[in-house]
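Novice: In UniProt numbering, the protein residues as written are 1 to 150.
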């Protein structure tokens, strides 16, 4: 296995939604990740600016990459975004996720979305939860939800 590859790379390879939207994984490791996406004509709303859902999705993908870079399968418990500036068709957005803390199976991550390397477009904060490994051979997240609540 490539030493630069992490569990986040494996997760991203299987992420159909992010891949179909053209999101690129730039880097992921040690609780930090960078992803980027170009805003296309299909991502623009009635105000001719990027639909906030696509900006959120990019930030959420970077968040997922950062919190899964450690290895255990991890999912979002919550996510919140503040839109600072509009993005427009043709803009290349870059999302940089940084782990703030991990405690038990939980974590807090901040993501800054910029236009290129300059203007801040949005700030995102995500709370993660590592899934417990299964003993029955099913993938994490399959089976009983009770197993992952504690």
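The beta carbon of each residue, even a glycine, is placed where N, CA and C say it ideally should be.
The structure presented is a predicted model; accordingly, all values stated were derived computationally and were not measured.
1. When the Cα atoms are used, what is the spatial distance from residue 77 to residue 127?
2. Using CA coordinates, which residue listed in 9, 109, 37, 96 is at the minimum distance from residue 22?
3. For the region 40-48 against the region 56-67, do three or more pairs of beta-carbon atoms, one drawn from each stretch, fall closer than 8 angstroms, so that the two count as touching?
4. Who pairs with residue 112 in a beta bridge, going by DSSP?
5. Taking the alpha-carbon positions, what's the residue 25 to residue 34 distance?
6. Please classify residue 40: does DSSP put it in a helix, a strand, or coil?
7. Given this structure, state the Cα-to-Cα distance separating residue 131 from residue 105, to the nearest angstrom.
Specialist: Reading it off the structure:
1. Taking the straight line from one Cα to the other gives about 5 angstroms.
2. 37
3. no
4. 96, 123
5. So the alpha carbons of these two residues sit roughly 6 angstroms apart.
6. If DSSP states are grouped into helix, strand and coil, residue 40 belongs with coil.
7. 8 angstroms
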